[in-house]
Every structure is written in structure tokens, then in C-alpha cells.
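Q: Encoded as C-alpha cells, here's the structure I'll be asking about.
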Amino acid sequence: MKVGFIYNPIYLKHDTGEHVEKAKRLVTIMSHLERTGLKSQLVPIEPRAASTRELSLVHERQHIAHIQDIAQKGGGWLDGDTVMSADSFEAALYAVGGAIRATEAVMDGELACAFALLRPPGHHATPERAMGFCLFNNIAIAANYALNKYRLGRVLIIDFDVHHGNGTQAAFYDDPGVLYISTHQYPHYPGTGSIDETGSRLAGGTTINIPLPAGCGDGEYLRVFREIIIPAARRFKPRLILVSAGYDAHWADELAMMQLTVSGFARVVKVIKEMAGKLCSGRLVFSLEGGYNLTALASSVKATFDVLVGNTGIEDKLGPPSYGFEPPDITYLIEQIKEMHHLS
Ligand SMILES: [Zn+2]
Numbered sequence: 481m482k483v484g485f486i487y488n489p490i491y492l493k494h495d496t497g498e499h500v501e502k503a504k505r506l507v508t509i510m511s512h513l514e515r516t517g518l519k520s521q522l523v524p525i526e527p528r529a530a531s532t533r534e535l536s537l538v539h540e541r542q543h544i545a546h547i548q549d550i551a552q553k554g555g556g557w558l559d560g561d562t563v564m565s566a567d568s569f570e571a572a573l574y575a576v577g578g579a580i581r582a583t584e585a586v587m588d589g590e591l592a593c594a595f596a597l598l599r600p601p602g603h604h605a606t607p608e609r610a611m612g613f614c615l616f617n618n619i620a621i622a623a624n625y626a627l628n629k630y631r632l633g634r635v636l637i638i639d640f641d642v643h644h645g646n647g648t649q650a651a652f653y654d655d656p657g658v659l660y661i662s663t664h665q666y667p668h669y670p671g672t673g674s675i676d677e678t679g680s681r682l683a684g685g686t687t688i689n690i691p692l693p694a695g696c697g698d699g700e701y702l703r704v705f706r707e708i709i710i711p712a713a714r715r716f717k718p719r720l721i722l723v724s725a726g727y728d729a730h731w732a733d734e735l736a737m738m739q740l741t742v743s744g745f746a747r748v749v750k751v752i753k754e755m756a757g758k759l760c761s762g763r764l765v766f767s768l769e770g771g772y773n774l775t776a777l778a779s780s781v782k783a784t785f786d787v788l789v790g791n792t793g794i795e796d797k798l799g800p801p802s803y804g805f806e807p808p809d810i811t812y813l814i815e816q817i818k819e820m821h822h823l824s
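Just so we're aligned, residue 481 is where the sequence shown starts under my numbering, counting upward by one.
Here is the structure:
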């Protein structure tokens, strides 16, 4: 079955200058997919602009109006990390619309799975505010859109970006219909995502945080998937899996201190794909979040597509870290999380 990608040059118009979250990230990904011939194996899907009503599935009107207002004034800094240009509002509407279109294409059976290659990213944007390079929460809006339109009942969001998706967690903290699982370096930006944040009383247990110490690599991530994420997903029985795909846990990424490799990302994606195949007829949508080392990012996105398409032989020119150090023992952490979430 077909694998699709969402992309539009409008995403480059979110002009952040020399900021790490810059247009060149997507340019590098797209040219790498082109150069390696992988793009010809994929179905291109056009994004559309999300409506205010769709943004309101997660965000407060005031926040939407604020972002629109800053864009109309020519842009500016929203906080110490997050900057906008005059076209950022429009780009952000297409980013949300890209995540929605990817979800629709999969739900309607047009595609087996899809990856929305978009920016600005979304998982730090809370219902009330922009932060951490994110304006609107693309994946959270797509999840609510899918829950409403297709009456799904249960959606699983897996977030393997190295930072905790505080915005996504906040959007669904009271919602038992969305299981949010995040692996992230901890403590690290944005500071949230400890193991005892498990969802409110109304939605107890539908937030699973896996706060990993710095230095975790392929082995630790695979263990976490095997011992926590797969059993939790199996118990939840999602009807769609959405993935906040950030690649900043790669060892070469300067924004964090994990040791994942391109091959490691490919193995993680393979686990997620198999999970979707077993649990929800393969329905799987990826949405780009972070990843700031351009070579690692482009190679990891390509490896993701290779796995989704079913290509064998993942190219990993960067290999393992040259400075590689002994990864931490996460046995106790895994046991704690399993106990907390009754996963035995
Ligand atoms: Zn990140």
C-alpha cells in the first residue's frame, strides 16, 4: 500500500533567520529524499490551511488571535526561544492543515500511512500559548479532528522527540480517549514529563511519561518500547496511531544528550509500524517535530520512510557516536513506570 508525505514550500516562509529551527531543515530533508530516489516511491499530498474552528479543537481563541496579530505586525519574539515572521501565521495554518490532511488520507484509505514534513513544529504549544519553537499543536489538533470526524474513541500519540511534549500532554490531560506516551531526556527543556504526571482523575493513566536520563541509546529506546510502550498500546487498543517524530535524540544533535543512531530510529519506527499493523489496521501518521543536526535529521527521516515503504538496508553513514560512552542502566526506571501503570 501507498506511503505518502505532506510538504509545501509555504513551510519555508516561517522565516526564523539563524534560529536552529530554520527552513533549511525541511530543504535538506526534501533534497535528500529527492537525491536518494526515495521521493519517487512516495505519494505527495498537498496540505491545506486549517480553519480557526479546527485550531479551536485545541487552542483558545485568544491564543489564535495573538499569533495572527504578531504576524500582521511583521513578526517578533513570543518568548526567549520562539520567533515568528510575517508569514508564520499562514505557514502554521498549513502545518496544522498538513497534519490533518495526512490523518484524513490514512483514515480514508487513500494511503497506508503518511508523514507530514512540516514546520513550525507543534508539541510544545499548549492550548493557551506558543513556546519551544511551536505556534499551534499540529498533532493534538489532528488527533481531536480524527476523534470527532471518524468517531474513533481512542487515539494513541507516541512522542519520541527528545523533549517532553508538554503542549500535547496538556491538551489531553483530562481526555481518556487519547493515550499520550512520551520518551524524553529528563531533566531537560521544558521541565515537565516526570513519571507521576499520568493524566487527571478523569483520564488517569492515559498519560505515560518515560523520562530518560541523558546518554540513552538504541538499546535503551528499544527496551522502553518493548517493556512499556507496546504493552500499554496493546491494552489501550487505539484505532489510529499518531507519532510526534522529532529526531533530536540523535547523538549528533546539539540540543540534547542522547545517543540514538539513524539505525536506532529505523528500529523504533519498525516497532511502531508493527504495532499499528497489529492494533489498528496499520493506520499510522507521523508529524515532524524537532531534529537540528541537518545530516542526522535528513538521514533519519529517510530511514523512517524506508521502513514505512518496506525497503531493506537502512543507510546510516553517521554510524554510532565516536565519543560513545556507557549508557545508563534504566532497569529501575522501567520497573517504576510499569508498576505505576500496572503493566506487568
Ligand atoms: Zn525536541
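We put the beta carbon where it would ideally sit given N, CA and C, even for glycine.
Does the segment 665–678 come close enough to the segment 734–751 to have 3 or more Cβ pairs within less than 8 Å?
A: A contact exists between the segment 665–678 and the segment 734–751.
Q: Rounded to the nearest angstrom, how far is the Cβ of residue 663 from that of residue 698, given a contact under 8 Å?
A: Position 183 of the sequence shown, counted from the start, is the residue given in the question as residue 663. Position 218 of the sequence shown, counted from the start, is the residue given in the question as residue 698. In fact, because the Cβ distance is near 12 Å, the residues do not count as touching under 8 Å.
Q: Under a criterion of Cβ closer than 7 Å to any non-hydrogen atom of ligand 1, which residues qualify, in chain order?
A: 641, 642, 643, 726, 728, 735, 769 and 770
Q: Answer yes if the segment 554–563 comes into contact with the segment 525–545, meaning at least three C-beta pairs across the two stretches below 8 Å, and no otherwise.
A: Touching, no.
Q: Kindly provide the ranges of any beta strand (DSSP E) runs that are 3 or more residues long and lie completely inside the segment 637–677, ordered along the chain.
A: 658–665
Q: Look at the alpha carbon of residue 543 and the alpha carbon of residue 586, and state the distance between them as a whole number of angstroms.
A: Position 63 of the sequence shown, counted from the start, is the residue given in the question as residue 543. Position 106 of the sequence shown, counted from the start, is the residue given in the question as residue 586. Each residue's alpha carbon lies about 29 Å from the other.
Q: Under three-state DSSP, which class holds residue 543?
A: Taking the first residue of the sequence shown as 1, we reach residue 543 at position 63. If DSSP states are grouped into helix, strand and coil, residue 543 belongs with the helices.
Q: DSSP on residue 780, reduced to helix/strand/coil?
A: As a first step, residue 780 must be located in the sequence shown, where it is residue number 300. Helix at residue 780.
Q: Please state the DSSP three-state secondary structure of residue 689.
A: Translated into the one-based positions of the sequence shown, residue 689 becomes position 209. Under the three-state reduction of DSSP, residue 689 is assigned to strand.
Q: When we look at the beta-carbon of residue 822 and count the other beta-carbons within 10 Å, is it buried (16 or more) or exposed?
A: In the sequence shown, the residue the question calls residue 822 occupies position 342. Exposed.
Q: Could you name each continuous alpha helix (DSSP H) segment of 4 residues or more that falls completely within the segment 758–803, going from the start of the chain to the end?
A: 774–789
Q: Enumerate in chain order the residues of its own chain whose CB-to-CB distance from residue 554 is below 8 Å, with the five nearest sequence positions on each side excluded.
A: Counting from one through the sequence shown, the residue named residue 554 turns up at place 74. Excluding sequence neighbours, residue 554 sits near 565 and 566.
Q: Please return the same chain residues whose Cβ sits closer than 7 Å to the Cβ of residue 761, not counting the five positions on each side in sequence.
A: Translated into the one-based positions of the sequence shown, residue 761 becomes position 281. Here the set comprises nothing.
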